[in-house]
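Number of protein chains: 2
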Amino acid sequence: MRLIIAVLGLFAVFGLGECGNILVWPTRGSHWINLKIILEKLIDRGHDVTVLVPNPSSFMDTKESDRFSYQHFSVSMNAQDMHDFLKELVRFSAYESDQLNFLQYQIKFYELAFKHQDMAFSYCDGIIKSPELMDKLRNGTFDIVLSDPHFQCSDIVAEELNVPLVYTFHVTNTYIVEQKCGQMPSPPSFIPGAMTKLTDKMSFRERIKNILFYCTQDVFSIVMWKRMDNYYTEYFGRPTSYCEMMGKADIWLIRTYWDFEFPRPFLPNIKYVGGLHCTPAKPLPKDMEEFVQSSGDDGIVVFSLGSMIDKLPKETSNMIASALARIPQKVLWQYGGEKPDTLGENTRIYKWIPQNDLLGHPKTRAFITHGGINGIYEAIYHGIPMVGIPLCADQPDNLVHMKARGAAVVIDNIKTMQPQDLLDGVNAIINDPSYKENAMRLSRIHHDRPIKPLDEAVFWIEFVMRNKGAKHLRVEAHNLTWYQYHCLDVFAFLITILTVVIYVVFKMCKFFIMHCCFRSNRKSKKE
Amino acid sequence: MRLIIAVLGLFAVFGLGECGNILVWPTRGSHWINLKIILEKLIDRGHDVTVLVPNPSSFMDTKESDRFSYQHFSVSMNAQDMHDFLKELVRFSAYESDQLNFLQYQIKFYELAFKHQDMAFSYCDGIIKSPELMDKLRNGTFDIVLSDPHFQCSDIVAEELNVPLVYTFHVTNTYIVEQKCGQMPSPPSFIPGAMTKLTDKMSFRERIKNILFYCTQDVFSIVMWKRMDNYYTEYFGRPTSYCEMMGKADIWLIRTYWDFEFPRPFLPNIKYVGGLHCTPAKPLPKDMEEFVQSSGDDGIVVFSLGSMIDKLPKETSNMIASALARIPQKVLWQYGGEKPDTLGENTRIYKWIPQNDLLGHPKTRAFITHGGINGIYEAIYHGIPMVGIPLCADQPDNLVHMKARGAAVVIDNIKTMQPQDLLDGVNAIINDPSYKENAMRLSRIHHDRPIKPLDEAVFWIEFVMRNKGAKHLRVEAHNLTWYQYHCLDVFAFLITILTVVIYVVFKMCKFFIMHCCFRSNRKSKKE
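In the order they appear, the protein sequences are chains A and B.
Terminal number for the first sequence in numbering that gives the first Met the number 0: 526, no gaps in between.
Terminal number for the second sequence in numbering that gives the first Met the number 0: 526, no gaps in between.
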């Protein structure tokens, strides 16, 4: 009965229009996990979904679902190259970065950024420079391109196919993309830049740091986007800006919400659909359930550093294991490495854990996480406080968001982490009730919204298909130059007018005063 | 069956929490029409609603509904004063304003603004300065104050009762309130000021006009709010800013949507719920239906200048009637004045018309309107193109929005309007299919949203009651001073540092050059 009501409710809310034909831009890893949930739902609602997949790739789990159509394309790099890149990124962020001086850090950072951009170029080449593939796509009568713009060029294909484009972003607050390409106002006084580990409440010193970071981002965007602009310009044979092309997207689906984001100005075509992959917990496998139940009143701790980390240095894994051995809770640890020597009897290692089902289990007391956005959202959904051990990319910042809301303790550096740090963190979030209360408050905010995030994401994708775009939500700022946006031309004009007026008035006053003085002088001389 | 599904769907979407106790701030006229719809829905959902009503008042139609509780308060002015004020406002805007020079216009404008503020003060006095009433309210165990802040001081009562506050705004784009008190970014390059009759697409000259208008609004806000600040400060006995108090509201329900508004940046606690009063058309009274059907294929034109205008100067009404007599459509005209001598056989005058039911009638071809937001929304809902004859307040601007979207022809000045202008306008929107197409496009945008506007308004009011506020949606900008918001202190600091560094480097260079020169001079002298 509940299912029937849910289905009828869905039809009542959305209506069932014609079914569409959706082209999906390639993505990878956790980006793909989220995207796949949306695609499954779109297929449930009768749409056809075609996914562009690099050939070969282990990153999009093409074997997992035969519900999508796949369109393969060739890339010059293979899955191992991507894997190696991610390893290098984690090594740099978690282990090497604090040994480098400012210049070394910047050089390495740009080196990695260029590598990532080269991968994007190889994806672009594989698709838009393949006449056969592009012909196939043109003949595919697609209604929309759906893209996680982690890899660029989906805007080129949308333009070539003359269909609307919807972005689905993994996480926002990157400043440059949302502000410069999306036209989202981002006052640096309360919008912290990504990677700064700042919150919306900044001291004077922190605001200095934020503004200087914005400046480095400006430099970064100039350097990185110059290459993209050249690529786009070469493809179209006319001057084309990558950022302007991005700005043409009809809807930006941001996969966060106000349970996570610091409140900020945003735009009508930007929709916050965070947590769309979250679902109620399903029953655990029998042996796992038995282990969980054996924890008694102490409950369990769920521990995962995500899919990117399958092995840790031996001393790190030993240190973690020894800390976990000292807590009364049972621990379920997702880890692909060698069994640590110090592993306690309360801890079990699994190659893979059903993370969402464990986080939704009534016995779960805490979640030790690297701070990936998907895991954080599962913890928010189930109201579980966190201990964060961030590794790279958006993870440190994600955890700062949770810490600022009192739902997490964060250990800044896995390399210098001591067993006591981890122990203190876990004990704090389990024994200090404020962490659980705050996690439950976030959970309430997450659930108490007018429309479920997955339904909202699907609604806007279907809206764009039904209405051939959503131009009525696109701010006019996209059509202004930077100086027009800030009205610098108007100010220059008004200041010029004012200066001329003041000058003329001054000259006239001077003339009249001189004239009067001259006359009175002449008079007195005559007299 | 459909009703059951709808009701079940509603419960599924919102859930039924505890029922709340809602205190409603007094308002008037068309503001009250919208607010009442929300209140009726809240009562349907089991909440108690108490409305503060000035004693006596004909503006809130207290006789119409016995579903609300009423709490009367005394005001020093009566309904006639209010009526006279509105008449004066219309006379000034529609008839007198173009005869005045800039200075005379400003003097009259401020005179009217002060009069309106005095009315608001008399409402404030009647409520917050009545110890008996305030005691009653304190004992009323209210969960929320709901207010159309057309009349101020609801924030004082919310603070006194220690309950959250939800605003429901009639229409936005007033610039000063939304930007200064709500912290909504409003770049003047594409956010036209209210009353400017500008759109989001502005030429260089129009942007100059807009910026100069923003400046006049700044002056206006300084003058008007100074009086409010004094009133608030006197009441609380501590320095209190009216604008800061407004900024404490948890949710701002704006009664427009992107079918009407130019797309613009907004904030998480600002919800666009425009058109919440719109409903499908009900059957017309029998004689009216017969008259409508007698129009045949030509259809009908619906004509109303709103409830504020019941009489027009005789020459104006005659001129309008003579123009309408020349169209093939039948006309239904809501008019309380004397029957014009030139009234055509195709035109019938009614003291009151069921406007929404007429606009939703399949025979309706056009709507002649003064541009009140409620009427415009009914036309959007039913996809009817408009001829606008704006009179005062937000009406000229409302119609500019419809004209910019190609769904209306606007006659700028009722005083100088000629029969041919009205005739041309009506013929254009009926015979040029683009107007109907654009009106239908707006209608599609209006209907095609993830949640109905009334449901969304009710959801957020209930959210605030359930969660004792919505502080997680309130931007940190509220807690910054103007110079912190714009980071002027940071820029001043950085420029100072930069200047000192440049100065020191310059001095050092000079010293070394001098030193070298001095040494080489000494050497050469020695030689």
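Idealized CB from N, CA, C, for every residue including glycine.
Everything numeric in this text was worked out from a predicted model, so none of it was measured.
Problem set entry | Close-in-space but distant-in-sequence residues of the same chain around glutamate 344 of chain B (CB under 8 angstroms, 5 per side omitted) | For glutamate 344 of chain B, the CB contacts under 8 angstroms within the same chain, skipping 5 residues up- and downstream, are Ala324 in chain order.
Exercise. Using a C-beta to C-beta distance shorter than 9 angstroms, which residues of chain B count as neighbours of histidine 169 of chain A?
Worked result: Identification of chain B residues near histidine 169 of chain A by a Cβ-Cβ cut-off of 9 angstroms yields none; the smallest Cβ-Cβ distance measures about 20 angstroms.
Problem set entry | Partner residues on chain A for arginine 473 of chain B, Cβ-Cβ distance less than 8 angstroms | Per Cβ cutoff of 8 angstroms: Pro262.
For this session: Measure the C-alpha to C-alpha separation of aspartate 454 of chain A and threonine 480 of chain B and round it to an integer number of angstroms.
Result: Cα to Cα, aspartate 454 of chain A sits roughly 39 angstroms from threonine 480 of chain B.
Exercise. So the beta strand (DSSP E) arginine 204 of chain B belongs to, where does it begin and stop?
Worked result: Careful: arginine 204 of chain B lies outside any beta strand (DSSP E), inside the alpha helix (DSSP H) at 203 to 235.
For this session: State buried or exposed for threonine 498 of chain B, treating a residue as buried only when at least 16 other CB atoms are found within 10 Å of its CB.
Result: By the 10 Å Cβ count, threonine 498 of chain B comes out exposed.
For this session: May I ask you to report which of helix, strand or coil DSSP gives glycine 387 of chain A?
Result: Glycine 387 of chain A falls in the strand class under three-state DSSP.
Exercise. Assuming threonine 363 of chain A and isoleucine 388 of chain A make a contact with CB atoms under 8 angstroms, what is their CB distance in whole Å?
Worked result: The Cβ separation is near 18 angstroms, so there is no contact.
Exercise. Roughly how far, in whole angstroms, is the beta-carbon of isoleucine 326 of chain A from the beta-carbon of valine 425 of chain A, given that I think they are within contact range, below 8 angstroms?
Worked result: Their Cβ separation, rounded to whole angstroms, is 6 angstroms, which keeps isoleucine 326 of chain A and valine 425 of chain A in contact under 8 angstroms.
Exercise. Using a beta-carbon distance below 7 angstroms, is glutamate 17 of chain A in contact with chain B?
Worked result: By this cut-off, glutamate 17 of chain A is not an interface position.
Problem set entry | Nearest residue (CA-CA) to cysteine 242 of chain A, options A:Pro148, A:Pro312, A:Asp258 | Nearest in C-alpha terms to cysteine 242 of chain A, of all of A:Pro148, A:Pro312, A:Asp258, is A:Pro148.
For this session: Give the interface partners of glutamate 455 of chain A over in chain B, defined as CB-CB distance under 7 angstroms, in chain order.
Result: Going along chain B in sequence order, the residues near glutamate 455 of chain A (Cβ under 7 angstroms) are Pro449.
Exercise. According to DSSP, is aspartate 396 of chain B helix, strand or coil?
Worked result: In the three-state reduction of the DSSP assignment, aspartate 396 of chain B falls in the helix class, which pools H, G and I.
Exercise. Under 9 angstroms Cβ-Cβ, which residues of chain B neighbour leucine 164 of chain A?
Worked result: Those do not exist, as leucine 164 of chain A stays about 17 angstroms from chain B at its closest Cβ, beyond 9 angstroms.
Problem set entry | Segment limits, beta strand (DSSP E) that includes tryptophan 459 of chain A | First-last for tryptophan 459 of chain A: 452 to 466, but that is the alpha helix (DSSP H), not the beta strand (DSSP E).
Problem set entry | alanine 193 of chain A at chain B interface by Cβ criterion, 7 angstroms | Cβ-Cβ to chain B under 7 angstroms: no for alanine 193 of chain A.
For this session: State the Cα-Cα distance for the pair methionine 513 of chain A and valine 503 of chain A, rounded to the nearest angstrom.
Result: Approximately 15 angstroms between the Cα atoms of the pair.
For this session: Pull up the distance between the alpha-carbon of cysteine 515 of chain B and that of phenylalanine 505 of chain B, whole angstroms please.
Result: Straight-line Cα distance between these residues: approximately 15 angstroms.
Problem set entry | Reduced DSSP category for glutamine 419 of chain B - H, G, I as helix; E, B as strand; rest coil | Helix.
Exercise. Does any CB atom of chain B fall closer than 7 angstroms to the CB of leucine 497 of chain A?
Worked result: No, no contact with chain B.
Exercise. Looking at isoleucine 299 of chain B and glutamine 328 of chain B, is the spacing between their C-beta atoms short of 7 angstroms?
Worked result: Closer than 7 angstroms, so yes.
Exercise. Under the rule that 16 or more other beta-carbon atoms within 10 Å means buried, what is cysteine 214 of chain A, buried or exposed?
Worked result: Result: exposed.
For this session: Could you tell me the boundaries of the alpha helix (DSSP H) in which serine 75 of chain A lies?
Result: Neither: serine 75 of chain A is in no alpha helix (DSSP H) and is coded neither H nor E.
For this session: List the endpoints of the continuous beta strand (DSSP E) containing threonine 315 of chain B.
Result: No beta strand (DSSP E) contains threonine 315 of chain B, which is instead part of the alpha helix (DSSP H) from 313 to 323.
Exercise. In or out: arginine 137 of chain B buried (at least 16 other Cβ within 10 Å) or exposed?
Worked result: Arginine 137 of chain B is exposed by the Cβ-count criterion.
For this session: Inspect the beta-carbon positions of arginine 473 of chain B and proline 262 of chain A and report whether they are closer than 7 angstroms.
Result: Cβ atoms of arginine 473 of chain B and proline 262 of chain A: closer than 7 angstroms.
For this session: Could you say which of B:Asn209, B:Val500, B:Phe366, B:Cys152 lies nearest to proline 493 of chain A if we only look at CA atoms?
Result: It is leucine, not proline, that sits at residue 493 of chain A in the sequence shown. When only C-alpha atoms are compared, the closest one is B:Asn209.
Exercise. Opposite leucine 331 of chain A in the DSSP bridges: which residues?
Worked result: Paired residues: A:Val301, A:Arg347.
Exercise. Using 7 angstroms as the limit for Cβ to Cβ distance, is proline 452 of chain A near chain B?
Worked result: No, no contact with chain B.
Exercise. When you compare each of A:Thr140, A:Met133, A:Gly139 to cysteine 152 of chain A by their alpha carbons, which one comes out closest?
Worked result: That would be A:Met133, whose Cα lies nearest to the Cα of cysteine 152 of chain A.
Exercise. Beta-carbon separation of proline 187 of chain B and cysteine 486 of chain A under 7 angstroms?
Worked result: Cβ distance < 7 angstroms, so proline 187 of chain B and cysteine 486 of chain A count as in contact.
Exercise. Would a check of beta-carbon distances place isoleucine 444 of chain A closer than 7 angstroms to chain B?
Worked result: Chain B contact via Cβ: present.
Exercise. What residue from B:Leu283, B:Asn397, B:Asn54, B:Gly28 has the CA that sits closest to methionine 76 of chain B's CA?
Worked result: Answer by Cα proximity: B:Asn54.
For this session: Count the CB pairs spanning the stretch 449 to 463 of chain A and the stretch 263 to 276 of chain A that are closer than 8 angstroms, and state whether there are at least three.
Result: Contact between the stretch 449 to 463 of chain A and the stretch 263 to 276 of chain A is present, with at least three C-beta pairs closer than 8 angstroms.
For this session: Hey, could you find the ends of the alpha helix (DSSP H) serine 29 of chain A is sitting in?
Result: Run containing serine 29 of chain A: 28 to 43, per the alpha helix (DSSP H) assignment.
Problem set entry | Test: serine 188 of chain B CB closer than 7 angstroms to a CB of chain A | Answer yes: the Cβ-Cβ gap between serine 188 of chain B and chain A drops below 7 angstroms somewhere.
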